[in-house]
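Q: Chains as they are written, first to last, in the numbering used here: chain A, 10 to 126; chain B, 10 to 126.
All C-beta atoms, glycine included, are put in the ideal place defined by N, C-alpha and C.
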DNA sequence: CGGGATCCTTACTGATACTG
DNA sequence: CAGTATCAGTAAGGATCCCG
């Protein structure tokens, strides 16, 4: 394919940006975890554990830590007995909402297309 | 959080749909591969190998096969010497374009936010 | 050029048990 | 409840060589 040099640069940058996104959202669970928190606004550890079918507490703990490091979720310890920990999306994390919504819609369509044919 | 039962059902379905999407798009490379094909419309094996920084031919081969199975990409063998294989998105694959674009934009923003601070 | 086959290493993941 | 620690299996990924 023949492209203007400027076009090629543009595509390279776009590719890099996509990679950057995927570096943050990598792994089997991250998107699902974000979705869970996103759909409910605030969510406790054990709730997310239930929402995300199949995840282990170890994985959830690890993934949440990474998401927190990337400033996508905020962790709040509530002073209850026993202790409760609440997760919510940061402002930055909330900017993923559009993508989550699209993925939700796309997932439904895909299921129809592939599984339902 | 107190929710109407209907709300809970809705969230569960949304979570499932997200999972379905991620099942198809799993792995470190799929999104990047789709992006490469998407941005260039048509793309050869070795071109994608170059676009997606760090991927090995084995992985690319495997991932493309899976994407083909899920009817997201179409594989065309061109009768050149030596052989050329061209990949393009199917109609169904093209419905991911919106998500790719959002991920591109989000990646740029995220880089500013995290790396550039 | 576009892969497949092989070997090898590391990363991911799950199950279970345990702690504050 | 919200994790951590340990162990152990599986899968992902890379490097290299090979073939039509």
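(1) For the region 26-50 of chain B, which residues have a beta carbon sitting closer than 7 Å to at least one beta carbon of chain A?
(2) Got a sec, what are the start and stop residues for the alpha helix (DSSP H) residue 113(A) sits in?
(3) Are the C-beta of residue 104(A) and some C-beta of chain B separated by less than 8 Å?
(4) For a contact meaning CB atoms closer than 8 Å, what does residue 84(B) contact in chain A?
(5) Taking Cβ positions, are residue 80(A) and residue 92(B) nearer each other than 8 Å?
(6) Please confirm if residue 60(A) has its CB atom under 8 Å from at least one CB of chain B.
(7) Please list, in chain order, all residues of the same chain as residue 101(A) whose beta carbon is under 8 Å from its beta carbon, the five residues on each side excluded.
(8) Verify the CB distance criterion: does residue 125(B) have a CB-CB separation below 8 Å to chain A?
(9) By the criterion of Cβ-Cβ separation under 8 Å, what are the contact partners of residue 23(A) in chain B?
(10) Between which residues of its own chain and residue 64(B) is the CB-CB distance below 6 Å, once the five residues before and five after are set aside?
(11) Are there any heavy atoms of the ligand PLP lying less than 7 Å away from the beta-carbon of residue 31(A), as far as the coordinates show?
(12) Just the chain B side, please: which residues come within less than 9 Å of residue 109(A) by C-beta, in chain order?
(13) May I have the straight-line CA-CA distance separating residue 71(B) from residue 87(B), to the nearest angstrom?
(14) What's the gap between the Cα of residue 55(B) and the Cα of residue 118(B)?
(15) Give me the Cα-Cα distance between residue 95(A) and residue 52(A), rounded to the nearest whole angstrom.
(16) Taking C-beta to C-beta, are residue 45(B) and residue 61(B) nearer than 8 Å?
(17) Which residues of chain B have a Cβ atom closer than 8 Å to the Cβ of residue 66(A), listed in chain order?
(18) Cβ of residue 118(B) less than 8 Å from any chain A Cβ?
(19) Along the chain, which unbroken stretches of the alpha helix (DSSP H) at least 4 residues long are found entirely within the region 30-55 of chain A?
(20) At the level of alpha carbons, what is the spacing between residue 125(B) and residue 85(B)?
A: Looking at the atomic coordinates:
(1) Interface annotation for the region 26-50 of chain B against chain A: 26, 27, 28, 29, 30, 31, 33, 35, 37, 40, 41, 44, 45, 48, 49, criterion Cβ-Cβ distance under 7 Å.
(2) Taken as a continuous stretch (DSSP letters only), the alpha helix (DSSP H) holding residue 113(A) covers 106-119.
(3) Interface residue, yes.
(4) Annotation: residue 84(B) has no Cβ neighbours in chain A at a cutoff of 8 Å; minimum Cβ distance is about 17 Å.
(5) In terms of Cβ geometry, residue 80(A) and residue 92(B) do not form a close pair [threshold 8 Å].
(6) So yes, residue 60(A) belongs to the interface.
(7) Taking C-beta separations shorter than 8 Å and ignoring five residues to either side along the sequence, the partners of residue 101(A) in its chain run 80, 81, following chain order.
(8) By this cut-off, residue 125(B) is not an interface position.
(9) Using a Cβ-Cβ cut-off of 8 Å, residue 23(A) is close to 44, 48, 113 of chain B, given in chain order.
(10) Cβ within range, chain order: 38.
(11) With respect to the ligand PLP, the structure offers nothing, as it holds no ligand at all.
(12) Those within 9 Å of residue 109(A) in chain B are 23, 27.
(13) Residue 71(B) and residue 87(B) have their alpha carbons spaced roughly 20 Å apart.
(14) Per the coordinates, the alpha-carbon of residue 55(B) lies some 30 Å from the alpha-carbon of residue 118(B).
(15) Taking the straight line from one Cα to the other gives about 6 Å.
(16) For the 8 Å CB-CB criterion, residue 45(B) and residue 61(B) form a contact.
(17) One finds nothing in chain B with a Cβ atom closer than 8 Å to the Cβ of residue 66(A); even the nearest lies about 18 Å away.
(18) So yes, residue 118(B) belongs to the interface.
(19) Taking only runs of at least 4 residues, the alpha helix (DSSP H) segments lying wholly in the region 30-55 of chain A are 39-49.
(20) In a straight line, the C-alpha of residue 125(B) is about 42 Å away from that of residue 85(B).
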